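Data block below; observations after.
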Amino acid sequence: MIYHVRHLTRYSYGSPVDLAAHIVHVTPRDLPGQTVRWTRLDVTPPPVRRVDGTDYFGNLIAWLYHEAPHRSFSVLAESEVEVAFPPPPPEHATPSWEDLAALARDGGAAAWQVAEFLFDSPMCAAHPAAGEYAALSFTPRRPVLAALLDLNMRIYTDFRFRAGVTTLSTPIEQVLARREGVCQDFTHLMISALRWIGVPARYMSGYIRTRPPPGQARRLGSDQSHAWVAAWLGPAHGWIGLDPTNGIVMRDEHVVLGWGRDYADISPVHGLILGGGNDELKVGVDLVPAEEWDGGPPAPDAR
Amino acid sequence: MDMAPIPVDEMVDGHGGVRPHWRRLLGAISDLGHRELLERGRQMARALHDQTGPTEGAAARCDPVPLLLTAHEFARLSEGMVQRARVLEAALRDLYGQRDLLADGVLPPSLIYPAPGFLRMGGPVAGAFLNFYAVDLIRGPDGAWRVAADRVARANGIGQALENRRQMTRTLPELFAGREVQPLSPFFDAWQDSLHHLAGLRDRNPGLALLTPGPRGSLRAEHVILARELGCVLAEAGDLAVRDGALWLKTVRGLRRVDVLLLRQDGWTVDPLELEGGSTPGIAGLLDAARGGAVRLVNHPASGLAEVPGLAAFMPALGRRLIGEDLLLPDVPTRWPARDGVDALLSDDRGRWWLRDSTNARAPACRLDRAKESMLATLRRTPDRFVAVEALAPSVMPSIQPAGIEPGAIILRLFALFDGGGWQVMPGGLARLLSDPDQLPGSAMDRARGAHGVTKDVWVTVEDSRNLVGIAAPPMPVLAIRRGQGDLPSRAADDFFWLGRYLEQLEDAGRILRVLTRRIGRVDGSPRERAELETVLRLAVHAGLLQGESVTGAGFATQMRALAEITLEAGLPQRLLSEIGRVSAGLRDRMTIETFETIVQGTDALRGRLREARVAGDAGRTLERVGRVTDDLLRYGATISGLTAENMVRSGGRQFLELGRRIERASSILTAIALILRQKDVSQRGRMEGALRLMLELSDCAITYRSRYFAVFQPAPVLDLLLLDDGNPRGVASQMAMVARALADLDPSGGTGLAEAASTVMERLRGVVDDVLSAPQQDVAAAALPDRLLDIHAALRDLGQRIARRFFVVLMPPRAVGGSRTVERDAIPDES
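In order, the protein sequences belong to chains V and W. Taking the numbering used here, the leading residue of the first sequence gets 27, the next gets one more, and so forth. Taking the numbering used here, the leading residue of the second sequence gets 500, the next gets one more, and so forth.
This is how it looks when you write it as structure tokens:
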């Protein structure tokens, strides 16, 4: 599937901002199952200094610096991305979750890289209550993929998608108690549970298709940037993407921007500004099949 | 049951005899005697207090008995330390690069990934991670020194070590008699050279800065000493900004490049854009600038990873793997329960072990036998979150306590630097008495407590020439050329400006108080005296000495009581003295030691005298005593002025102090004249004379006036003396002349228009005096002046604000947008 992605972030400031420094995570990266055909990043006003590079996790980022007073700041990222993530392996071909947890914890040649995603991070610590919720899915000796798919589906069924009831700092207990939230909450909940259990889990940032395929319901979380989970299945099968907000496996409806341990590692636009006040933030996301895109050809500076 | 092991005594050998290198020192100590040593210790504490000024809480004091190390002992320690520094540098290089140590299973991932010191940066680190390094050592019952902690993020205490040596040399020369103690200053010279070499510049002087969190906290003195010794500008995050990919310091003459930045804070706080950020301010984009090569960070903030406590259990393996050597300096025995077994640990004598977080050096440690069940449950579930550290009994040595000479357990910190070619260890160090047996020696909590405790100078003695073989004199690298750090940071300029204003406000308050205390005691109730007193009270209200207008209409007893209140902490003099102390502490690195000591001793003494002046329930006697303190307040102001005129300030702060003082002084004279002329019926003959006398008295010009005009008081001559006569050092004209001089120094081209604004003020004042002089009735003309004078006063205030905008506007703390950087770590106290 080939998608056209358009992600606009626009800040309007009540009073001028004199100095600003931002890091943006809005350019999708190449990875097995995902090819970025072209991409471009437009920043208004143009920064005095822009550095393109990668973050610690290999995600594509840009440092943007502004040194002249400005009243608005917008970042428009546009890309064409081809996705075809492989189907998940048969459940019984994956190791039991107990074996997988032991392997990951030991590190060494097989797991020293994935071990990073086992440990507490600033926004996402192993959590006993989340672990207890997940324990129903992680029955003794169950193949890890079976347990993961079950947990993914249970979160989708047990929790209600509702914007505005949570913020970034809402604790997991509250999400668990109220059984509602948005994609970030469900993703953090699932990661906290998996860290308690000992399965390496990543926070995935990206987009989900805005309009569903014919005959299917509109996906949740499609008008903003989206978040979901990737879990490790062992050295033979690597990572699998699981979207607890929609109860599905990542196949061809998601486009990956990148990943981290939690939201803080990969927030789309963050920065430090001097001045401003009464800021207004507007975010718009479109992810449509390329053939349905009528926004015209890519601009000349596309790469 | 095991017998508790007996700690080593630093002074005695294994057979109960005194070790040879201690003998002479013991002789000197017993010659001086306990009482004398106690007194010398107090002298050092006072000197240290005057040095550091009013920081929060007391700083560590220096005990008169130093720790002695033989040259041989020191050589072995420094060899071991250099070896460790090489291992840690290589480990950092690997862990932030290939990570073979993880892939090959030399280190478990659980020691690295969860560590707060492990920074997730966008891009590699260029150049060496470590420029300086320190170790905390304790000597166990077997007589061997062992490493309790590696220090790379801060390595504080080196400034204190230097200060201790200075105090010891000055206060206890007897102890040094007849022996050679290795000096410390060559180490600081080498350190400064290494920073210059790091900058790698040929065409200009490198800009060196030390990033400090601000004037508060017990580490301020440490930072000030370091900045002074290393020739760095002491800068706060608000003084620095990344622009155009480089780091800049905002100074009164514009932005100045910073090529090398010394960091003394947790790595994750230094760049809130790229890293997590924390409660200590950082600089957005700093890591980006460092990667581009525009600035060198020392130590690199990522090197804090070397402080991970669990590494102690893996150091021998790291030594063999990374440099192919066995370590000469072992760690305090440390177990890794995930490898060595939880059950084995729990079935051991639990009192022998401390349990501490395996990755977070700042987390408090706890004795295993006192660990709560919940902690043991966490240990069983996730053993790799902990390490167990053996509770060694540290060696003891004597220290001078009020009750006598008492033995105390000690920990020793040594310091080293990388000069580009190799490591050098400072021949000396900082020993500290371990004051709290409930803290693991060398842990963050122990250091935090120790920051206010007792330290000791450390001597490497050259006693026995045979022992000298161990230390070959390191070849000195070629000295880099050094010059003074030119421009004043805007923040420091702002502080000088305010110091000047506070000093002047204090003097102004003193003058008003003097007039008040003279008069309030002997009011005879004549309407003229009554009116004058009311005027002075109004001035006192205006100056902030008294609260509200109620005082001015109130009865005599109420006024007395209100006036007695000024001795309280909330009273203006106390507040001003405390502000003067606070601002001076921030400027400590920019004054001569003598000036700083005078300011600190003066504020302390005056605050004490004000407190003592208060006689509960007796306003009359309180005021009598306040009157005497007032003279001291005025003398204090005069002393500081004198020192300022001499050589108080380095690098351009004097002009700002002058500007603050002079503008404040000129405006207080104008206010006084305006308020006095506002008296009811002032144009009446008898009233005007009293008003003019009061003006002269308040501005300290009565004697000058009488020497020119004898006892005839008329408005024009009085106003001329107070406003226009630039031969009168206490008048407005000479204040404005000094303002003009300072502005000419700071802004030679006059492009700012500030000098012009200052001369406009003088022109308007000349107009005022001319009008009075040519008026048919001077008294009537004078009585009409207050509004004009207050207008001119407003212009003067405006000039002050324009100066502030032109020179001081520092970068405000930026705000975070997007992201989640509201998550802050728990605040942990400063540590030594």
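Glycine included, every Cβ here is placed at the ideal spot set by N, Cα and C. Quick caveat: nothing in here was measured; it's all calculated off a predicted structure.
*Would you please verify whether the beta carbon of V:E106 is less than 8 Å from any beta carbon of chain W?*
no
*Give a yes or no on whether the minimum CB-CB distance between W:L774 and chain V is below 8 Å.*
no
_Here's the rule: buried if 16 or more other CB atoms are within 10 angstroms of the residue's CB, otherwise exposed. What is V:F111?_
buried
*Out of W:G1266, W:L600 and W:L636, which has the shortest C-alpha to C-alpha gap to W:L929?*
W:L636
*Beta-carbon proximity list for V:W319, same chain, < 6 Å, skipping 5 on both sides*: H30
*Assign W:K871 to one of two classes, buried (16 or more other C-beta atoms within 10 Å of its C-beta) or exposed (fewer than that).*
exposed
*Let me know the secondary structure DSSP gives W:Y595 once reduced to three states.*
coil
*Determine the burial state of W:H548: buried for a count of at least 16 other Cβ atoms within 10 Å of its Cβ, exposed for fewer.*
buried
*asked:* For the stretch 793-804 of chain W against the stretch 626-644 of chain W, do three or more pairs of beta-carbon atoms, one drawn from each stretch, fall closer than 8 Å, so that the two count as touching?
replied: yes
_Please classify V:S147 as buried or exposed, where buried requires at least 16 other C-beta atoms within 10 Å of its C-beta._
buried
_By the 7 Å beta-carbon criterion, what residues does the stretch 771-805 of chain W contribute toward chain V?_
P771, L772, E773, E775, A783, G784 and D787
*So W:G1384 and W:L683 are in contact, right, with Cβ under 8 Å, and what is the actual spacing, rounded?*
Residue 1384 of chain W cannot be examined here, being either before or after the span of chain W that is shown, 500 to 1331.
*Would you kindly report the start and end of the unbroken beta strand (DSSP E) that includes V:I49?*
I28 to T53
*Could you tell me whether the Cβ of V:R75 comes closer than 8 Å to any Cβ of chain W?*
yes
*Going by beta carbon distance, what residues of the same chain come within less than 6 Å of V:P226, once the five residues before and after it are set aside?*
A130, V140, F143, L144 and W258
*asked:* Counting C-beta neighbours from all protein chains within 10 Å, is the total for W:S609 16 or more, i.e. buried, or is it exposed?
replied: buried
*Any idea if W:V886 is buried or exposed, counting beta-carbon neighbours within 10 angstroms, 16 or more meaning buried?*
buried
*Please compile the residues from chain W whose C-beta is within a distance smaller than 9 Å of the C-beta of V:W265.*
Under the 9 Å cutoff, chain W gives no residues; its nearest Cβ is about 17 Å from V:W265.
*Inspect the beta-carbon positions of W:R1027 and W:R1124 and report whether they are closer than 8 Å.*
no
*the stretch 649-667 of chain W contacting the stretch 720-729 of chain W, beta-carbon criterion three pairs below 8 Å*: yes
*Over the uninterrupted beta strand (DSSP E) stretch that includes W:T1057, give me the two end residues.*
Element bounds for W:T1057: not the beta strand (DSSP E) but the alpha helix (DSSP H), F1055 to A1063.
*asked:* Residues in the same chain with beta-carbon distance under 6 Å from V:P73, minus the five sequence neighbours each way, listed in chain order, please.
replied: L90, Y91 and H92
*Return the chain-ordered list of same chain residues with a C-beta closer than 8 Å to the C-beta of V:A290, the five sequence neighbours on each side being excluded.*
S147, P148 and M149
*Between the stretch 609-623 of chain W and the stretch 668-682 of chain W, do at least 3 Cβ pairs fall closer than 8 Å?*
no
_Contacting residues, own chain, Cβ-Cβ under 8 Å from W:G596 (five flanking each side not counted)_ = P623
*asked:* For V:V314, would you say it is in contact with chain W, using Cβ-to-Cβ distances shorter than 8 Å as the test?
replied: no
*Can you say whether W:N1227 is buried or exposed, counting buried as having 16 or more other CB atoms within 10 angstroms of its CB?*
buried
*Chain-ordered residues of the stretch 569-590 of chain W with a beta carbon less than 9 Å from chain V*: none
*Which chain V residues sit within Cβ distance under 7 Å of W:R742?*
E93
*asked:* Please identify, using Cβ separations under 9 Å, the residues of the stretch 279-298 of chain V that lie next to chain W, in order along the chain.
replied: G286, R287, D288, Y289, A290, D291, S293, P294, V295, H296, G297 and L298
*Starting from V:M230 and walking both ways along the beta strand (DSSP E), at which residues does that stretch end?*
A227 to I234
_Only counting the same chain, and skipping five residues up and downstream in sequence, which positions put a Cβ closer than 7 Å to that of W:M975?_
Low per-residue confidence applies at W:M975: pLDDT is 43, beneath 50, and the placement is therefore not dependable enough to give any value.
*When you check each C-beta in the stretch 144-161 of chain V against every C-beta of chain W, which residues fall closer than 9 Å?*
L144, F145, D146, S147, P148, M149 and A152
*asked:* By the three-class DSSP mapping on this structure, what secondary structure does W:G969 have?
replied: Unreliable placement is indicated for W:G969, whose pLDDT of 35 sits below 50; no coordinate value is reported for it.
_Strictly under 8 Å for the Cβ-Cβ distance: is W:V888 near chain V by that measure?_
no
*Quick one, which of W:L1158, W:A1115, W:A1171 and W:I1098 has its alpha-carbon nearest W:A1137's?*
W:I1098
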